[in-house]
Amino acid sequence: MKKSLFYFGLLLILPGLLFPAAAAGKLTAGQIMERLDQTVSAPRDQEIHVKLVITDAKGNESHREMVMMQKGSDRRMVKFTAPPEQRGIAFLSLPGGMTYLYLPAYRQTRRIASHVRNQKFAGTDFTYEDMEARKYSTDWDAKLLAEEGGLYRLELTPKEETVTDYGRLIVEVRADIFFPVKIEFFDKANRPRKVMVQEKLEQINGYWIARESEMKDLQAGTSSKMFFTEVKFDSGLADDIFTERYLTR
Amino acid sequence: MKKLAKLIIEKNRLVIVVFALITLFLGFFLRNLRINPDILSYFPKNDPDVQLLNYLGEEYGGNSLAMIVLETGEIFTPETIAVIHELTTRLQLEPGVAYVTSLTNTLDIKTDEYGFEIGRLVDTANLPRDPEALTALKEYTLSKEMFRNNLVTEDATATLIICRLQTNSDQVATCRRLQEIVAETAPAMKIYYGGIPFMILDLNNMITDDLKVLIPMVSLVIIIFLYLGFRKWEGVFLPLLAVAISLIWTLGVMSLLKIPLSIISNVIPVVLFAVGNAYTIHVLSRFNETRVTSTNDGLATALYEVGTPVSLAGLTTIAGFISFIFGSYLVMIQEFGVFAALGVLFTLFISLTFIPALLALKRKKPDREYKEQEETKNRGVTGRITPGIEKLVTKKPKTIVWVGVLLTILALTGIPRISRRVNLVEYFQPQTAIRQAEAILDEKFGGSGIIQILAEGDIQDPAVLREMEKMEEFLLAQDGIHSTQSVVNLLKELNNAMGEGKVLPDTKGKVMNLWFLLEGEEVMTQLVNAGRTEAVIQARIAGSLEGSLAHQLVTAINEYTAGINPELVKFSQTGMPVIYRNLDLSILKSQFQSLIFAVLLVFIIMLFLLGSLAGGLLGLIPILFTLALVFGFMGYAKIPLDIATVLVASVTIGIGIDYSIHFLSRYRQELADTRTQNLPVETAVRITLNTTGRAILINVFTVAFGFLSLVFSQLVPIQRFGVLVFVTMLGSGFGAIILLPAVLLFSGARSPAGKMGIKKLR
Chain A
1 MKKSLFYFGL LLILPGLLFP AAAAGKLTAG QIMERLDQTV SAPRDQEIHV
51 KLVITDAKGN ESHREMVMMQ KGSDRRMVKF TAPPEQRGIA FLSLPGGMTY
101 LYLPAYRQTR RIASHVRNQK FAGTDFTYED MEARKYSTDW DAKLLAEEGG
151 LYRLELTPKE ETVTDYGRLI VEVRADIFFP VKIEFFDKAN RPRKVMVQEK
201 LEQINGYWIA RESEMKDLQA GTSSKMFFTE VKFDSGLADD IFTERYLTR
Chain B
1001 MKKLAKLIIE KNRLVIVVFA LITLFLGFFL RNLRINPDIL SYFPKNDPDV
1051 QLLNYLGEEY GGNSLAMIVL ETGEIFTPET IAVIHELTTR LQLEPGVAYV
1101 TSLTNTLDIK TDEYGFEIGR LVDTANLPRD PEALTALKEY TLSKEMFRNN
1151 LVTEDATATL IICRLQTNSD QVATCRRLQE IVAETAPAMK IYYGGIPFMI
1201 LDLNNMITDD LKVLIPMVSL VIIIFLYLGF RKWEGVFLPL LAVAISLIWT
1251 LGVMSLLKIP LSIISNVIPV VLFAVGNAYT IHVLSRFNET RVTSTNDGLA
1301 TALYEVGTPV SLAGLTTIAG FISFIFGSYL VMIQEFGVFA ALGVLFTLFI
1351 SLTFIPALLA LKRKKPDREY KEQEETKNRG VTGRITPGIE KLVTKKPKTI
1401 VWVGVLLTIL ALTGIPRISR RVNLVEYFQP QTAIRQAEAI LDEKFGGSGI
1451 IQILAEGDIQ DPAVLREMEK MEEFLLAQDG IHSTQSVVNL LKELNNAMGE
1501 GKVLPDTKGK VMNLWFLLEG EEVMTQLVNA GRTEAVIQAR IAGSLEGSLA
1551 HQLVTAINEY TAGINPELVK FSQTGMPVIY RNLDLSILKS QFQSLIFAVL
1601 LVFIIMLFLL GSLAGGLLGL IPILFTLALV FGFMGYAKIP LDIATVLVAS
1651 VTIGIGIDYS IHFLSRYRQE LADTRTQNLP VETAVRITLN TTGRAILINV
1701 FTVAFGFLSL VFSQLVPIQR FGVLVFVTML GSGFGAIILL PAVLLFSGAR
1751 SPAGKMGIKK LR
């Protein structure tokens, strides 16, 4: 329960200041990861409208829309706006691992447990773990495999005390802006498990963001793609958005 | 025809070369002959029940359940849980496996005072290690009906891992790999493999083993009996050569057409070895008689003369096998009919072309010694039996007829006692591992069988869900059904988590909200379609389910379904009971249809051969007697009708009629002679018995013991088949050389032989 459920962290959004391109001289793998992590703490708050397309193994698509609001790194509100039968379903994550679910048809809020980190988030191929804000430089050991075509290619292995579902990650990071564009996830038996690709990088209010992010489950044959249709940073989100009362509105 | 015979004799070298080439060509394809032990794949594609089964298999992640039971002192130990987790992960990755369900990956909805959680029963990222956590997990798991005696036994000594296999995949290969993985991952545990996929794997192995063991065994038995009968190696070697060539042709053609061997067509080699040797024997003996002249013309005449009766004998046998093509529900029985008939046709053809060509090539000097040899040496075992039969038949024809009638009546009373068996489990001998696995699955986990009920309607409508719930309650109240699974239970648990009790949500809005939480859960793809217009209810049922209970269940479910408003929701069922019911019905139908067809065909052939209605009916006497005998035997010896024994009747007719043909045609010839010499009918019977009768006797023993070798098969239906054909052959032998002559004498005593209506054929 150590981390909040809906930590939309750097993996998905990675808003970050444009660091001056790495000063001459080679960076170590550790330094690259630190640069990457620095982007996490960047925006004070954010409000993002997301279109979700979930494709099952047979190719059937389902669509969802949601608004995600986050303040700091540990308060987040997710509200679904479409399709109609899911409108109003909302999640609230608060510091200390408290997560609440609101179901409008029941007019009820329930606390939900959040320790099962390998669970899928809202039927997508992103697990709660994938969505967490985590510090790569502190949780993973990095090894620089290659630097070519303006990309760093890094291999990440979990540190001993790190709790994760994965055995290994291969991360490709844009060398100029320290933004991860591709992550390959391997399971504990070192079989390819999932792959995430981030595209349409854009700079908004000085923060970098990928407009499109797709996660493919290589074993189940499913995929989920997020389109960020509206992005606002540092708009001064009010504190009372992140309350149980706002959840039911 | 005579020209053809001459051609064969004159161009004997060419014939031999051509046959050798054909044999080499077809033999080359033998390497590609496959085995398909999957009985389900032989169900007719146009049967709606089969279509529904396949549809559900393809759309809902397979309905072949490969079941793996791990038995150990205690399931809830860190080591065992770790093994289950490791196995689950590895099995899931195996190609051909659609889903794995085990203790460590099963979906669980936990509710407590703080809230609820949708997750796995076991947190695999953080496997429980300390005793307290394990005890808590054990208590929790056993408290839930979903898991208790479904995934883990009440005493927590055994757990079940269910692998759903993809419908269109090589399940035999998948099962082999599953066993390898389990053996690697859980070497210290007692493992049981059950369910239809593993049964099919075992069948596959058994078919292969059977072919390796039974063919040599049958060959040996036939060699022994042929040698005992003829005391001449030529009489042993040539018939076997003819059969061997025709076997290569038959299996080569199957391979060329990409038709695999099934658990039924698996016996074709044995059938051909047992049946096919007779044709060459007849050719051989006629040639031996003719060799005195030893000219090409003489041999051609001999071939032409022996050709007709041998062809007729072959045709009746073919008719017996062809009868399976009509009215057989299982494609594999049709395939057996077609290829057994083709094999007999090939044997017949080879016996009438290749063998004579070979004999012509060998062409010996006029063999005077042979005749003498035949007189003295050829007496053999059968030579000692026939005089006894002759004595019996001529002295007491009346008694024999009455014994025959009484035996028939007695046998007829056995017919109502015949039971039917369709269950796959029954194919295995009781001591086999798969039977033990099935027993444990039935006893501890509610069985390896599956019933699937498709619900079509608006699945998010609470009214539809309530009908599904009632259907599940109805199913659980039925005999033999252990547990059910559907989206209903998940929705009830979540509704409970939302504080409304463990009942279905009362509005569609609530259902849709809850659905949001379930979406993306793997189990959902096994339960509902993407459009939420269809849902599946699955029930587990004993793997050893028998035909009668299957009938009851199918009928009960259909009756229940009929009472539900189809506007709201339409239920249709498939699964093991339906399949077994269809199989059961089809076996009955198959039996009647092929029986009627075969009797009819044989009657027509006899009519043609003997040229009169009375003759045709007379020829049927041994057959009808044998049929009564064999069915009576099945009733009293508790040998059920199954997919193999259902073949016996027609095989009986096909093979048994040959004796009548040979006996009656010889009798007709002798009768003509005796009448010109003004001798009593009895003389004709005596001569026929001592000549043709002896040959029949050799054939009876050869075929009977050839088939009896099938008791060494590993498959129970094939064993039963062997025993029944054994009984059948003895019955036909009795019918043809004891009962038939007795009837001839019995009726001949009252009416002049001429009125028997047996006219000259040629």
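Protein sequences appear in the order of chains A and B. When you line the first sequence up against the numbering used here, it's residues 1 to 249, in that order. When you line the second sequence up against the numbering used here, it's residues 1001 to 1762, in that order. Just so it is clear, CB atoms sit at the ideal spot from N, CA and C, and this is done for glycine as well.
Could you give the DSSP three-state label for I1281 of chain B: helix, strand or coil?
-> I1281 of chain B falls in the helix class under three-state DSSP.
What residue ranges within the region 1429-1513 of chain B form continuous alpha helix (DSSP H) runs of no fewer than 4 residues, ordered along the chain?
-> Those alpha helix (DSSP H) runs which fall completely within the region 1429-1513 of chain B and span 4+ residues are 1433-1445, 1462-1476 and 1487-1497.
Can you pull the DSSP bridge partners for L1641 of chain B?
-> For L1641 of chain B, the beta-bridge partners assigned by DSSP are B:R1420.
Ignore the nearest five residues each way along the sequence and tell me which others in F1763 of chain B's own chain have a CB closer than 6 Å to its CB.
-> Nothing about residue 1763 of chain B can be read from this structure; chain B reaches only from 1001 to 1762.
T1153 of chain B at chain A interface by Cβ criterion, 8 Å | Chain A contact via Cβ: absent.
Please look up how many angstroms separate the CB atoms of F1336 of chain B and I1248 of chain B, rounded, as I've assumed it's under 8 Å.
-> In fact, because the Cβ distance is near 18 Å, the residues do not count as touching under 8 Å.
Which of helix, strand or coil does DSSP assign to L1091 of chain B?
-> L1091 of chain B: helix per DSSP, three-state reduction.
Chain-ordered neighbours of A82 of chain A on chain B, where CB pairs are closer than 9 Å | Below the 9 Å Cβ cutoff, chain B contributes no neighbours of A82 of chain A, its closest Cβ being approximately 12 Å away.
Chain-ordered chain A contacts of A1598 of chain B [CB-CB under 7 Å] = Listed by position along chain A, the residues whose Cβ is nearer than 7 Å to that of A1598 of chain B form an empty set, because the closest Cβ is around 48 Å away.
What does DSSP give as the partner residues of K1138 of chain B in its beta bridges?
-> DSSP lists no bridge partner for K1138 of chain B.
Closest residue to I1434 of chain B among B:G1404, B:F1198, B:K1470 and B:V1630 (Cα-Cα distance) | A check of alpha carbon separations from I1434 of chain B across B:G1404, B:F1198, B:K1470 and B:V1630 identifies B:F1198 as the nearest.
Near-chain A residues of the region 1492-1507 of chain B (beta-carbon distance less than 7 Å), N- to C-terminal order = Look at the region 1492-1507 of chain B: the residues with a C-beta under 7 Å from a C-beta of chain A are A1497, M1498, G1499 and T1507.
Tell me which same chain residues have a C-beta within less than 8 Å of the C-beta of A1082 of chain B, skipping the five on either side of it?
-> Excluding positions up to five away in sequence, the list reads L1127.
Chain B within 8 Å of T248 of chain A, Cβ atoms only = For T248 of chain A, no Cβ of chain B is located within less than 8 Å of the residue's own Cβ.
For the region 1525-1550 of chain B, which residues have a CB atom closer than 9 Å to at least one CB atom of chain A, in sequence order?
-> Look at the region 1525-1550 of chain B: the residues with a C-beta under 9 Å from a C-beta of chain A are T1525, N1529, A1530 and G1531.
In this structure, does DSSP put I1081 of chain B in helix, strand or coil?
-> Residue state, collapsed to three classes: helix.
Quick one, which of B:L1724, B:G1531, B:L1607 and B:L1134 has its alpha-carbon nearest T1080 of chain B's?
-> Nearest of B:L1724, B:G1531, B:L1607 and B:L1134 to T1080 of chain B, Cα basis: B:L1134.
Verify the CB distance criterion: does A1125 of chain B have a CB-CB separation below 8 Å to chain A?
-> Residue-level contact check: A1125 of chain B touches chain A, since one or more beta carbons of chain A fall below 8 Å from its beta carbon.
Who does H63 of chain A pair with in a DSSP beta bridge?
-> Paired residues: A:V53.
Whose C-beta lies closer than 8 Å to the C-beta of I1016 of chain B among residues of the same chain, with five residues either side of it excluded?
-> Hits under 8 Å: F1354, A1357, L1358 and L1361.
By the criterion of Cβ-Cβ separation under 8 Å, what are the contact partners of T124 of chain A in chain B?
-> Proximity of chain B to T124 of chain A at the Cβ level (cut-off 8 Å) is accounted for by G1520, in chain order.
Could you work out which residue in B:M1332, B:E1438, B:T1533 and B:L1476 is closest to D1038 of chain B when comparing CA atoms only?
-> For D1038 of chain B, the closest C-alpha among the options B:M1332, B:E1438, B:T1533 and B:L1476 is that of B:M1332.
Cβ neighbours of S1650 of chain B in the same chain (closer than 6 Å, five flanking residues each side left out) | Taken in chain order, the residues that qualify are G1320, S1323, S1594 and A1598.
Since L1093 of chain B and R191 of chain A are thought to touch, with beta carbons under 8 Å apart, how far apart are those beta carbons, to the nearest angstrom?
-> Contact between L1093 of chain B and R191 of chain A holds, with the beta-carbon distance rounding to 6 Å and staying under 8 Å.
With distances taken Cα to Cα, identify the nearest neighbour of L27 of chain A among A:E147, A:G221, A:G236 and A:L218.
-> Considering only alpha carbons, the answer is A:E147.
Identify each residue in the region 1072-1094 of chain B for which the Cβ-Cβ distance to at least one residue of chain A is less than 8 Å, and report them in chain order.
-> For the region 1072-1094 of chain B, which is checked against every Cβ of chain A, the residues closer than 8 Å are T1089, R1090, Q1092 and L1093.
Evaluate Y1114 of chain B with the Cβ neighbour count: other Cβ atoms within 10 Å of its Cβ, from every protein chain shown; 16 or more gives buried, anything less gives exposed.
-> With a threshold of 16 other beta carbon atoms within 10 Å, Y1114 of chain B falls short and is exposed.
Taking K1510 of chain B as the query, report the chain A residues whose CB atoms sit under 9 Å from its CB, ordered along the chain.
-> Residues of chain A passing the Cβ test: L103, A105 and Y106.
Contact list for Y1114 of chain B against chain A, beta-carbon separation under 7 Å | In chain order: R111.
Taking C-beta pairs closer than 9 Å, name the residues in chain B that V163 of chain A reaches, listed in chain order.
-> By Cβ distance, chain B contributes A1125 and N1126.
Using the Cα positions of V1403 of chain B and S1262 of chain B, report the straight-line distance between them to the nearest angstrom.
-> The straight-line gap from Cα to Cα measures roughly 41 Å.
Chain-ordered neighbours of N1513 of chain B on chain A, where CB pairs are closer than 8 Å | Residues of chain A with a Cβ closer than 8 Å to the Cβ of N1513 of chain B are, in chain order, E85, Q86, I89, L103, P104, A105 and Y106.
Length-filtered (3 minimum) beta strand (DSSP E) runs lying within the region 153-232 of chain A = Qualifying beta strand (DSSP E) stretches, in chain order: 168-174, 179-186, 192-204 and 207-217.
Where E956 of chain B falls, given that 16 or more other Cβ within 10 Å makes a residue buried | In the structure as shown, chain B starts at 1001 and stops at 1762, and residue 956 of chain B therefore has no counterpart that could be examined.
Contacting positions in the region 37-62 of chain A - beta carbon closer than 8 Å to chain B = Correct list: I54, D56, A57, K58, N60 and S62.
Give, in chain order, every residue of the region 1718-1733 of chain B whose Cβ lies closer than 8 Å to some Cβ of chain A.
-> Contact residues of the region 1718-1733 of chain B toward chain A are absent (C-beta to C-beta distance below 8 Å).
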